[in-house]
Amino acid sequence: MLKSRKKVAILVETSLGSGREILKGIAKFARQAGDWHLFHKAGGLSDSIPDWVHDWDGDAIIARIQNAEIRDGLEKMKIPVVDVLGVCENRFPLVHVDDRAIAKLAYDHFLERNFQQFGFYGFEGENWSTRRGIAFSELCQGSGHFQIFETPRETGSKPDKTFQGLQKWVKDLPKPAGIMVCSDQRGLELLEACLSEDIPVPEQVAVVSVDNDTAFCEISHPPLSSIRGGHFQVGFSAANLINQILEGSDTSDGTLLVPPNGVVERESSMTRAIDDEVVARGLRFIREHLSDGITNTLIAQSAGISRTLFQKRFRESTGQSIREYILQQRIARAIHLITGSDLPLAEVADRCGFRHQEYLGQVIKKATGSTPGHIRKSGLLPESFPNL
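As structure tokens, then:
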């Protein structure tokens with residue numbers, strides 16, 4: 024007798040990177056299982072249940088349940104459901120990222136960079152964001168300072184007022200500060216607020232968000248550091264759980280937490296805490312003009328003090344000479360471009376302020392023991408070079 028295929032509907036949004044990662048995890052399990060038929064339609068996180076689902080003769084559903092309406096509608100269908108969001112009261116088995124472990128990664132990231140003052144920016148009234156904020160605040164107990172700022176997901180007719188509140192909060196926050204953001208889309212808002220208030224990022228405010236949605240992280244200014252939450256594994260584990268239920272296994276309506284997969288460091292947190300605001304302004308000038316022929320005089324002028332005094336305060340704050348720091352930053356940027364882009368090495372050299380490709384090769388070989396070409400061919404990631 025032929026074995027029937029399991030018909031599983033996927034109600035997971037495609038508008039966010041976390042949702043797309045969940046879909047990838049589900050798809051991998053389905054391919055391995057070999058007897059699944061997936062049903063899915065692209066959509067957003069707050070979309071209602073599609074009309075086709077109500078008349079669909081399927082076996083099970085995996086869903087990001089954003090509100091009570093979706094939850095109640097799915098409950099009426101009388102088929103197995105696994106939730107992969109956890110916003111609403113649990114009436115189904117839940118597979119979700121581990122919010123406390125995510126907060127611990129962010130805290131450790133800041134602590135390694137000598138930050139002692141912290142903030143958290145999140146969604147008001149969303150339990151996953153609240154869990155991250157509470158966990159982060161508990162870790163920050165005993166530090167110099169901690170503040171939390173939350174706004175609703177829907178700003179309604181007053182988005183300008185909400186943004187003004189964020190601007191005031193980040194302006195008044197004691198600095199230097201490490202700020203954890205609940206998700207990447209909020210990270211963009213925070214970086215825009217810092218830019219509008221002329222707050223150097225990451226020198227005075229370092230930012231780490233969650234989900235590593237590359238589109239959000241790479242278009243921000245500066246590029247946004249983010250935690251890989253583990254959503255691919257969430258999707259795979261949720262599919263495995265549905266499969267067990269459909270095959271008659273005795274599974275409880277409990278919660279499975281998936282650990283995160285580390286921090287992807289980008290420029291928004293690529294620094295150490297700098298207490299001296301003058302030095303922080305100089306560091307921002309260096310970061311923004313790294314490909315140019317910058318001099319100590321130009322850097323000091325950007326900071327508003329004499330070259331001799333700036334050099335002294337720079338070494339006191341960083342433990343390096345300006346020349347040493349610039350070379351270190353150019354190497355770090357070059358590594359990111361070599362590992363994360365297909366740019367010709369000559370262009371990498373130009374974008375990082377090296378005179379020519381041969382000099383780039385000499386510097387990279389001395390710093391890492393490998394040539395730029397070997398690093399690119401080997402598929403190494405920037406985190407493979409933690410000392411840069």
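Note that this note's numbering has the sequence shown beginning at 24, numbered continuously upward. Even glycine gets a Cβ: it sits at the ideal position worked out from N, Cα and C.
By a C-beta neighbour count over all protein chains shown, 10 Å radius and 16 as the cutoff for buried, is residue i buried or exposed?
i, result
"residue 242", "exposed"
"residue 36", "buried"
"residue 235", "buried"
"residue 341", "buried"
"residue 140", "buried"
"residue 132", "buried"
"residue 207", "buried"
"residue 382", "exposed"
"residue 24", "Only weak support exists for where residue 24 lies, its pLDDT of 46 falling under 50; the value from the coordinates is given anyway. Classification for residue 24: exposed."
"residue 211", "buried"
"residue 75", "exposed"
"residue 357", "buried"
"residue 196", "buried"
"residue 401", "exposed"
"residue 391", "buried"
"residue 325", "buried"
"residue 65", "exposed"
"residue 91", "exposed"
Report the CB separation of residue i from residue j in whole angstroms; it is logged as a contact under 8 Å.
i, j, result
"residue 245", "residue 303", "About 14 Å separates the two Cβ atoms, so there is no contact after all."
"residue 294", "residue 54", "So it is not a contact: roughly 42 Å between Cβ atoms."
"residue 283", "residue 252", "5 Å"
"residue 160", "residue 230", "Actually they do not touch by this definition, with Cβ atoms about 17 Å apart."
"residue 250", "residue 171", "With a Cβ gap of about 18 Å, residue 250 and residue 171 do not count as contacting."
"residue 111", "residue 85", "Not a contact, Cβ separation roughly 15 Å."
"residue 239", "residue 200", "Their Cβ separation, rounded to whole angstroms, is 21 Å, which puts residue 239 and residue 200 out of contact at 8 Å."
"residue 414", "residue 30", "Residue numbering for the chain in the displayed model covers 24 to 411; residue 414 lies beyond these limits and cannot be assessed."
"residue 169", "residue 142", "7 Å"
"residue 176", "residue 122", "Wrong, their Cβ atoms sit about 17 Å apart, outside the cutoff."
"residue 384", "residue 395", "6 Å"
"residue 226", "residue 307", "6 Å"
"residue 345", "residue 334", "6 Å"
"residue 353", "residue 376", "5 Å"
Reducing DSSP to helix, strand and coil, say where residue i ends up.
i, result
"residue 280", "strand"
"residue 63", "strand"
"residue 198", "coil"
"residue 29", "strand"
"residue 326", "helix"
"residue 85", "strand"
"residue 383", "helix"
"residue 350", "helix"
"residue 366", "coil"
"residue 34", "strand"
"residue 209", "helix"
"residue 357", "helix"
"residue 342", "coil"
"residue 72", "coil"
"residue 240", "helix"
"residue 24", "Bear in mind that the predicted position of residue 24 carries a pLDDT of just 46, short of 50, making it too unreliable to give a figure here."
"residue 393", "coil"
"residue 22", "The requested residue 22 is not part of the displayed model; the chain covers only 24 to 411."
"residue 402", "coil"
"residue 319", "helix"
"residue 297", "coil"
"residue 224", "coil"
"residue 40", "helix"
"residue 58", "coil"
Based on the DSSP secondary-structure assignment, which residues constitute the bridge partners of residue i?
i, result
"residue 203", "143, 231"
"residue 313", "DSSP lists no partner for residue 313."
"residue 249", "232, 287"
Please confirm if residue i has its CB atom under 9 Å from at least one CB of chain B.
i, result
"residue 360", "Among the chains of the structure shown, chain B does not appear; only one protein chain is present."
_Segments of 3+ residues assigned as beta strand (DSSP E) that fall wholly inside the region 101–180_ = 104–106, 117–120, 140–146, 168–174
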